[in-house]
Each structure stands twice: as C-alpha cells, then as structure tokens.
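Protein chains in written order, with this note's numbering: chain V, 2 to 414; chain D, 2 to 414. The beta-carbon is built from N, C-alpha and C at its ideal position, and this holds for glycine as well. These numbers come from a predicted model, not from an experiment.
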C-alpha cells in the first residue's frame with residue numbers, strides 16, 4: 002500500500018447503500034502487511050448465485066484454479082480474499098492451501114467448502130500459510146458490526162493508493178435493486194502485486210446462466226479495456242454475486258436471457274464495471290495522467306481494440322504523456338506496429354479536440370500550443386480515425402512515469 | 002545524441018579494415034542537430050549487389066517505401082542516410098523528398114536515382130527538407146579523405162550514446178573477404194528517434210538472390226531478437242551490400258544457393274549481425290543492465306521466441322532487473338501471459354546459474370543471496386525451461402530505468 006494517494010483518485014467516495022444478503026468482515030491476519038487489514042470475508046445468503054471471469058494466464062494462481070473448479074455449481078455462500086500473497090506458482094502447496102482455506106471458511110459459516118470462493122493477491126511464488134485464516138476466522142464470522150464497503154475494499158488493496166467502489170440502482174417492477182462493486186489493482190495490469198480483483202454484488206435474484214451472460218458480456222468493454230503496463234496477472238478474478246434478497250420485495254427472479262428487464266440491469270452493471278475499471282487506471286502505479294484511447298474507422302471492432310491497446314501499451318506513447326508532449330508521431334508508430342489493417346494516408350489523430358494529423362501527415366492548421374494545452378490536463382483523450390470502416394473501441398490507461406519504475410524496481414525486497 | 006555514454010558500451014572499438022568498393026563521406030547539414038554530422042553518403046562501386054529487410058510497420062516511412070520499390074533491381078551505387086528526421090508520416094511531401102534526395106545523390110555520383118538507397122531516422126511527422134542535401138552533396142562527393150567506419154556510424158546516431166560497428170573476415174579459396182557493418186538504434190525498439198538502422202558491406206561478389214537469402218536468413222536470430230521497449234519503428238532498415246571487389250583477387254562470385262563456400266560467409270555474417278544487435282540492446286535508452294533471455298523446452302522454436310519476447314518486453318521484469326531484484330514471480334507472469342503452451346508445474350527458471358524455481362514452485366535449495374549476486378552483475382541471463390519439447394530461442398534486451406522515462410518524456414520538445 003503506497004503512502005501517497007494517486008492525484009487521480011476520486012475526490013469523494015459514493016455512499017454505498019446496504020445490500021441485502023451480503024455481510025462483510027475484515028481482519029488483520031499479518032499475511033505480509035503489518036498494521037492493516039489483509040483479509041476480507043463476505044458471507045452470502047443461501048441461494049446466492051455466482052458468475053466469474055478469470056485471467057487467461059497459462060500460469061494461473063491456485064485460487065483461480067479453485068474458483069474455476071467450483072464455478073459450474075453456480076452457487077456461493079462465502080468469499081474469502083487476502084492481500085499480501087497471491088498463492089500463485091506455489092505448486093502442490095498452493096493447492097493444499099486453497100483446500101484448507103475453503104474448509105476453514107466453510108466450517109465457520111456452516112456451509113459446503115465448494116460454496117466458498119477464494120482470491121489472493123500479492124507476491125508470486127511464496128507459499129501461502131492458510132493457517133493464518135484459522136487464527137482470525139471466528140473473529141470474522143462473529144463480527145458484531147458488519148464492515149463497510151470501503152473497509153472491505155481497503156482489505157484487498159496491495160499497491161493501490163485508494164479503495165475502489167461503485168454503486169448503481171435499477172428500477173424493476175416498481176422496486177429498486179442495488180448493484181455494489183469493489184475492485185483492486187494498480188497494474189493488470191501489474192501482476193504479482195497489483196493483480197486485478199473485482200467483486201460485484203446485487204440483491205436481485207438472477208439465475209447462474211443469466212448472471213454469467215451478464216458478466217461475460219460486460220467484461221470486454223470494462224475490465225478488459227484497461228491496461229497499465231500490458232502485463233497480465235496470474236490472478237485476475239472478477240466475481241458477480243446475486244443474493245436474491247430482492248425476491249422478498251416482490252422482484253421475481255431473472256432467469257431467462259430474453260427477460261426484458263435484463264436490459265436495464267445490463268446497462269447499469271456495464272456502467273458500474275466501466276467505472277471500476279477506470280478507477281484502476283486512475284490508480285495505475287505512478288500514474289499522474291488518465292488516458293482514454295478512442296479508435297474509430299477501423300475495419301472491425303476487434304481490429305480497433307487491438308490498435309487501441311497497442312497505443313495504450315506503448316511505453317513511448319505513455320512516457321510522452323508523462324512528459325506532457327503532444328508527440329503524435331508515437332501514436333502513428335503504435336498504429337503501425339499493431340499489425341492491423343491501416344492506411345497511413347487515411348489516418349487522422351486528435352489530442353482532446355485538437356486534430357494534429359490528417360490524411361497521413363501533420364494537420365496544416367495544427368497549433369502546437371493548443372495541443373500542448375491539452376497535454377497539461379489530468380485527463381487526456383487520444384483519438385484515432387483510421388478512415389477504413391465502422392470498427393471502434395475505447396480503452397483506458399495512464400502515463401508511464403519514473404514513479405512506476407521506482408515502485409516496481411523495489412517492490413519485492 | 003545523449004551526453005553520457007551507456008555504461009554498457011564496448012570498452013574499445015574493433016579496428017575496421019578497409020573494404021574495397023565502398024567509400025564514406027559525412028557532413029553537417031543541420032537537419033535537426035547542430036554541431037555534429039547528420040548526413041552519411043556511401044558511394045559504391047559499379048556492380049554492387051544489395052539485399053534488404055525492412056520494418057513490418059503498416060505506417061512505414063517514405064525512405065522505407067523507396068528502398069522497397071528499388072530493391073528488386075538488386076543493384077546499388079549509393080546510400081544516403083540522415084539523422085534528425087525520419088521522413089515518416091509526411092504524406093506526399095515525404096514521397097517528393099525521397100525522390101529529390103535520390104536525384105541529388107545520383108547527379109553527384111553520376112548514377113541512376115534508382116540505384117540510390119535512402120534511410121532517415123529521427124522525429125516522425127516533420128517534413129524533411131531534402132534541399133539540405135543539395136547544400137552538402139558536392140562536399141560529400143568530392144571529399145578527399147574517405148570518412149572512417151566510426152565516423153560513418155556516428156553520423157547516423159540519434160539518441161544512441163555510442164557508435165556501433167563490427168567486422169568479420171572469411172577465408173574463401175585461400176583469399177580473405179571482409180564484412181563490415183554498422184548499426185544505430187537505442188530503442189526498436191524505440192522508434193520515432195531511435196529507429197533501428199543497419200548497413201553491412203562486404204567486398205565479396207554475391208548475386209542479389211543469394212545476398213537476400215543470406216540477410217533474411219540471419220535477421221531473425223539477430224536484429225529480430227533484440228527489443229528495448231516492444232515498440233516497432235516506422236523506419237527499421239537493414240541493408241547488405243556486396244561490392245564484388247574481391248573478384249579481382251580471384252574469389253569468384255557466389256551466385257548459387259548451394260555454393261559450399263556460403264556456409265562460412267553465412268556464419269560470419271550471422272555473428273556480425275548478432276554482435277550489432279547486442280550493441281543496440283547495450284545502448285537501450287537508459288540501460289544499465291544487458292539481459293539475455295533464453296527459453297528452452299518449448300513446443301516449437303516459434304513458441305519459445307514468443308515467450309522469450311514476452312519476458313524481454315515485460316515492464317515488470319525489466320524494472321525488477323533495474324532494481325537488481327531476483328523477482329522470478331514476474332518471469333512466471335510473463336510466461337503465463339504469452340499465450341503459448343506452458344505447464345506451470347513443469348516450469349524451471351534460472352537467473353544466471355542460480356535455479357530459483359523448479360516443478361512449478363520455488364526451488365527448495367534456492368539461495369536468495371546467490372540470486373541477488375547475479376542481479377548485481379552488468380550482464381544478466383534469465384533462463385526458462387518449459388519442459389515440454391525441443392523449442393528454443395534467445396533474445397536480448399536491457400532493463401527499464403527512470404532514465405528511459407526521462408529520455409522519452411522530453412525527447413521531442
């Protein structure tokens with residue numbers, strides 16, 4: 002946990018409404034950090050449905066493997082998360098540790114270990130001592146006052162400089178359902194420490210297949226659209242829980258993909274996930290600028306996305322942003338290296354509202370002064386029109402600063 | 002041109018023997034830099050054959066397009082190179098500029114413009130004023146004393162901190178032929194300025210198809226195996242010229258791919274190209290450590306190469322090296338994100354000779370002290386065995402330091 006908060010942090014946190022069917026507790030288990038919470042236990046009402054998306058890393062962590070193995074049951078009663086140790090690349094010990102962790106939580110909450118979801122974030126390659134959960138589990142399960150959403154979001158932080166929460170309300174059948182989410186991550190974006198985790202909860206009753214479809218459908222335009230350093234974590238995990246408590250208020254279960262009420266839920270969930278994803282970029286390690294890359298006019302959306310990520314991941318583009326330099330030549334370079342269809346002589350590039358290049362060369366009307374003014378802003382939009390088709394994409398990132406190098410040059414030691 | 006020389010620069014330069022059939026001159030044309038040479042003219046004997054490989058960028062520079070358009074002739078009489086301006090993304094003006102440049106050089110050397118090869122390196126998007134060549138071309142063509150190889154290599158530098166040259170000799174039919182090469186680049190590696198260029202010359206007589214086969218065959222294991230920041234230049238150009246002057250000494254032309262004499266030439270050329278490629282990594286922007294990544298046991302060589310590049314390009318691996326931190330968890334991460342076949346539980350990782358991980362977890366015998374000692378060295382080998390097959394690869398890179406961010410945060414302004 003860094004000592005100074007990112008200058009891009011939100012100026013205030015939203016009021017997070019209570020959400021029926023989920024209850025948090027946090028504790029200090031001393032897994033790595035001292036003097037701060039590092040364990041989060043969420044207990045979930047019986048009947049809670051769950052959906053998940055996970056890292057595509059071929060070296061996924063033991064908790065990721067565990068969650069994948071139980072996800073098809075579609076039900077959850079608990080979520081146990083620790084920061085400070087990723088339990089990744091820990092071989093048989095890692096597998097034993099997740100089994101023991103699930104057993105410890107299941108005993109305390111009187112549920113089946115196969116209903117306990119797990120996530121760990123922190124250093125890779127150190128065995129995780131699951132016995133440490135044993136020391137705090139009764140305290141967690143018996144906590145008299147439930148922890149707040151902010152407390153919960155704080156317990157899962159590593160190199161994050163601020164907790165990330167978001168909330169949304171949706172009217173269904175004249176009643177309101179709530180969606181609350183939290184995330185951590187300061188790099189994917191920057192694994193090994195700043196692994197991306199997000200946990201989202203709703204009190205709506207939603208069947209597992211519908212829940213999974215909602216989550217998977219919104220992931221590409223949110224968490225898969227944020228990058229800090231192009232590095233993919235071994236532990237990335239997004240879980241969406243639906244406690245179903247809203248059924249008691251007369252909102253019947255959403256269990257069909259063609260349920261017309263799903264549209265508003267999907268839209269609200271998508272916005273909330275984008276909000277959390279942007280907060281991750283705003284807390285990118287060493288970040289001083291937030292960057293939205295917009296690509297349009299590509300042959301396809303997929304092609305636009307590849308090009309947008311090529312720009313967002315380019316160290317040269319990111320250092321230019323850090324230096325407040327409207328160096329559009331580096332954007333050209335990043336388009337060119339993406340390997341996607343592009344016609345140099347149809348390319349146009351904007352920083353904010355200032356068009357700097359058009360028809361394959363510098364815009365004759367381009368004012369260096371105006372472009373420089375854009376680069377001095379905290380939030381910067383880089384827009385590229387390829388002039389080829391209708392494909393478009395939008396991704397978020399941050400600048401690459403000396404602080405990124407400092408943070409990552411001595412993280413482990 | 003940076004003011005301090007990379008600590009990884011060679012302690013001395015090789016004696017570069019004369020090479021019959023090529024003659025250099027350099028000049029100060031004031032294209033961008035003041036008080037240093039920024040133009041190189043190489044005049045080549047009639048009968049010189051040429052081969053080339055170029056950037057795969059979809060936004061290639063005007064000189065790259067020009068070279069590609071004349072390469073099939075297979076013959077060259079001149080090479081004109083400037084630093085300070087890449088003549089990339091300059092639209093129709095860029096095309097006019099290369100045509101004019103070739104015409105200016107052709108008139109001075111009394112040859113065909115289609116026999117003049119061009120390369121430009123520097124800022125992207127600024128029109129190149131080819132008239133500036135006119136001002137110096139007579140001085141260049143009439144230079145009484147040919148410029149040395151080191152002088153030539155200096156004239157093509159941008160953010161490079163030292164000139165890069167290499168030489169090799171090969172005995173053929175009892176006579177010696179010479180191969181001399183130069184390169185520039187401090188990033189591909191870091192385009193837009195540190196564009197990679199290399200020009201290699203031999204006095205052997207080699208037919209264009211054989212020459213192209215030699216060059217293309219050796220590129221993957223040399224220049225395509227070096228990365229500084231994963232960014233691909235718009236201008237990357239490697240040209241190999243064979244003046245044929247050695248024919249007069251009785252070494253008959255190498256004009257068949259099955260000529261048995263080619264084996265030694267190929268080996269010497271490959272070594273020389275690897276030497277130049279490594280010098281580029283050693284002059285990587287802000288570099289303080291040289292890193293060789295070795296991957297073995299992959300399913301195929303191609304797969305090994307993708308994984309090796311994923312490690313070499315990972316900002317987290319590179320910052321760990323900068324911090325002298327034996328953070329092998331980040332190597333695991335980089336293997337995992339490469340998307341290639343990998344089995345976590347068969348993976349082994351070494352820093353230098355110290356095995357830090359084996360069978361998917363930390364090596365029980367691993368000494369943090371020994372690993373840390375390796376990381377303090379200037380040259381570091383990171384070795385990964387995937388345990389799956391026979392595929393292997395080797396790539397070179399450097400660490401990612403605060404100086405990289407500083408150099409690239411204010412290059413253009």
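Between residue 71 of chain V and residue 106 of chain V the beta-carbon gap is near 13 Å, outside 8 Å, which marks them as no contact. The continuous stretches of beta strand (DSSP E) do not include residue 7 of chain V, and DSSP gives it neither H nor E. Annotation for residue 54 of chain V: 216, 217, 220, 239 place their beta carbon closer than 7 Å to its own, counting only its chain and skipping 5 residues before and after. For the C-beta of residue 124 of chain V, the chain D residues within less than 7 Å are, from N- to C-terminus, 330. Between residue 172 of chain D and residue 262 of chain D, the alpha-carbon positions lie close to 9 Å from each other.
With a 10 Å radius around the Cβ and a threshold of 16 neighbouring Cβ atoms, residue 6 of chain D comes out exposed. Between residue 279 of chain V and the set V:268, V:269, V:292, the nearest pair of CA atoms involves V:292. Beyond the five residues adjoining it in sequence on each side, residue 150 of chain D comes within less than 7 Å, by CB distance, of 17, 166, 181, 183 in the same chain, given in chain order. One finds nothing in chain V with a Cβ atom closer than 9 Å to the Cβ of residue 68 of chain D; even the nearest lies about 16 Å away.
For residue 113 of chain D, there is no enclosing beta strand (DSSP E), since its DSSP letter is neither H nor E. Under the Cβ criterion of 7 Å, residue 406 of chain D is counted among the residues facing chain V. Residue pairing by DSSP places residue 185 of chain D opposite D:198 in a beta bridge. In the structure shown, residue 378 of chain V falls within a coil segment according to DSSP collapsed to helix, strand and coil.
In this structure, the CA atom of residue 136 of chain D is about 60 Å from the CA atom of residue 356 of chain D.
The C-alpha of residue 33 of chain V is placed about 16 Å away from the C-alpha of residue 95 of chain V.
Those residues of the region 84-98 of chain V placed with their C-beta closer than 9 Å to a C-beta in chain D are 87, 89, 90, 91, 92, 93, 94, 95, ordered along the chain.
The beta-carbon separation of residue 325 of chain V and residue 299 of chain V, rounded to 28 Å, does not stay under the 8 Å limit for a contact. Look at the region 326-363 of chain V and you find these whole runs of alpha helix (DSSP H), each 4 residues long or longer: 329-338. The distance from the Cβ of residue 89 of chain D to that of residue 236 of chain D is about 6 Å, consistent with a contact at the 8 Å cut-off. CA-to-CA, the gap between residue 244 of chain V and residue 286 of chain V works out to about 34 Å.
Between residue 85 of chain D and residue 39 of chain D, the gap from beta carbon to beta carbon is short of 7 Å. The three-state reading of DSSP puts residue 284 of chain V in coil, since its state is none of H, G, I, E or B. Bridge pairing for residue 172 of chain D: D:177 [DSSP]. The residue among D:360, D:327, D:408 with its C-alpha nearest the C-alpha of residue 386 of chain D is D:360.
Closest by C-alpha distance to residue 122 of chain D, out of D:389, D:46, D:159, is D:159.
Within chain D, the residues whose beta carbon sits less than 8 Å from that of residue 409 of chain V are 316, 317, 320, 321, 324, listed in sequence order. In the three-state reduction of the DSSP assignment, residue 163 of chain V falls in the coil class, being assigned neither a helical nor a strand state. Residue 74 of chain D sits exposed, since fewer than 16 C-beta atoms from the chains shown fall within 10 Å of its C-beta. Neighbours of residue 346 of chain D in chain V, taken as residues at a C-beta separation under 9 Å, are given in chain order as 92, 93. For the region 43-60 of chain V, the set of positions with a beta-carbon nearer than 9 Å to some beta-carbon of chain D reads 56, 57, 58, 59, 60 in chain order.
The beta carbon of residue 404 of chain D lies closer than 6 Å to those of 287 in the same chain, with the five residues before and after it left out. Scanning chain V for C-beta atoms nearer than 7 Å to the C-beta of residue 401 of chain D yields 406, reported in chain order. Against chain V, the beta carbon of residue 333 of chain D has neighbours under 8 Å at 60, 89, 90, 125, 126, 235, listed in chain order.
Put simply, the region 323-337 of chain V touches the region 368-379 of chain V. At least three CB pairs are less than 8 Å apart. If you draw a straight line from the Cα of residue 345 of chain D to the Cα of residue 306 of chain V, it comes to about 29 Å. Under the criterion of beta carbons closer than 8 Å, residue 78 of chain D and residue 116 of chain D qualify as touching, at roughly 4 Å.
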